[in-house]
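Since the structure comes first, as structure tokens, the remarks are kept for the end.
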Amino acid sequence: MGLIGDEDAVEIRERLKEMVDPVRLIHFTQELNLEYGREAKQLLEEVASLSEKLTLEVYNFLLDKEKVAEYGVDKVPGTAIRNSKDYGIKFYGIPAGYEFSTLLDAILDVSKGDSGLKPESREKLAAVTQPIHLEVFVTPT
Amino acid sequence: MRLAQCFAIENDLIHADAIEASEFPDLSARYHVYAVPRTVINGEGFIEGSLPEDFFLDAVLKAVSPETQDGEAL
Chain B
114 MGLIGDEDAV EIRERLKEMV DPVRLIHFTQ ELNLEYGREA KQLLEEVASL SEKLTLEVYN
174 FLLDKEKVAE YGVDKVPGTA IRNSKDYGIK FYGIPAGYEF STLLDAILDV SKGDSGLKPE
234 SREKLAAVTQ PIHLEVFVTP T
Chain F
601 MRLAQCFAIE NDLIHADAIE ASEFPDLSAR YHVYAVPRTV INGEGFIEGS LPEDFFLDAV
661 LKAVSPETQD GEAL
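Those sequence lines, one after another, are chains B and F.
Position 41, counted from 1, in the first sequence is what the working numbering calls 154; the numbers after and before it change by one each time, with no gaps.
Position 54, counted from 1, in the second sequence is what the working numbering calls 654; the numbers after and before it change by one each time, with no gaps.
Below, the structure is given as structure tokens:
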């Protein structure tokens, strides 16, 4: 049985029609040791199947060291969301519940390459000249 | 998380991670995550809860600009 119900799948497929550029979900797992790993991968597989513009790549956190370094993933399950460009957006853990909606937002924003922020915010962000790492702790409920 | 992602899209120097607190208890403990959302900035600064775009952005920028903190002259 799928993690995404039929009705939800229809709704998600409809939302993903807004996608512009193809988006790659690059997922790192370590299934043997993590109870959450299998479910995270399954959820992403189901999402990826809902749009032709979405692809899922799965790597092993322990074995695919080059990819781990390339995408800068430091824990699992971890998923980088990018189009041809890497915007530095990742999800760690299962993006379930409320966070699932955030995942869809991220896919759409990355696909459009547009943040949708106010002009004033864009100006302030363009002026940032030092690295900023934002880690947002969330829960699925 | 939405805003953090948006910031990451706007500037390549900005990276945004969403972390399921319950799946990473050690990391959550290290960053004193007792309520969510809690945003950790460069491993040091914190923002509690969800804020509107302007406030969240200003809080992030303030956290990474030590020269404007501690009541120094503007």
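By construction, the Cβ of each residue, glycine as well, lies at the ideal position given by its N, Cα and C atoms.
Put simply, the CB of R630 (chain F) is far from chain B, with every gap to its CB atoms at 8 angstroms or more. At a cut-off of 4 residues, the continuous stretches assigned as alpha helix (DSSP H) that sit fully inside the stretch 177-227 of chain B are 178-184 and 211-225.
Secondary structure at F624 (chain F): coil, using DSSP grouped into helix, strand and coil.
The continuous stretches of beta strand (DSSP E) do not include F655 (chain F), which lies in the alpha helix (DSSP H) extending over residues E653 to A663. For D617 (chain F), the beta-bridge partners assigned by DSSP are B:K203 and B:E248.
With respect to A153 (chain B), I207 (chain B) sits close: the two C-beta atoms are nearer than 8 angstroms. When DSSP states are grouped into helix, strand and coil, I117 (chain B) belongs to the coil group.
Residue environment for R638 (chain F): buried (at least 16 other C-beta atoms within 10 angstroms of its C-beta).
Taking 8 angstroms as the cut-off, the Cβ atoms of G201 (chain B) and A635 (chain F) do not count as close. For E131 (chain B), there is no enclosing alpha helix (DSSP H), as DSSP marks it with neither H nor E. Among the CB atoms of chain F, one or more fall inside 8 angstroms of the CB of E248 (chain B). A residue is called buried when at least 16 other Cβ atoms come within 10 angstroms of its Cβ; S224 (chain B) meets this threshold and is buried.
Going by beta carbons, A663 (chain F) and V251 (chain B) fall outside the 8 angstroms limit. Neighbours of Q243 (chain B) across chain F, judged by C-beta separation under 8 angstroms: L613 and V664. No Cβ of chain F is located within less than 8 angstroms of the beta carbon of A161 (chain B).
Using beta-carbon distances, E648 (chain F) does not count as an interface residue toward chain B, since no partner is under 8 angstroms. Rounded to whole angstroms, the separation of the alpha carbons of L651 (chain F) and L247 (chain B) is 14 angstroms. In the three-state scheme derived from DSSP, where H, G and I count as helix and E and B as strand, E648 (chain F) is classed as strand.
Secondary structure note for F607 (chain F): its alpha helix (DSSP H) is the uninterrupted segment R602 to E610.
For E233 (chain B), the uninterrupted alpha helix (DSSP H) segment begins and ends at P232 to A239. Around F624 (chain F), the beta-carbon contacts reaching into chain B at under 9 angstroms are K188, Y205, G206 and F250.
Not a single CB atom of chain F sits nearer than 8 angstroms to the CB of A182 (chain B).
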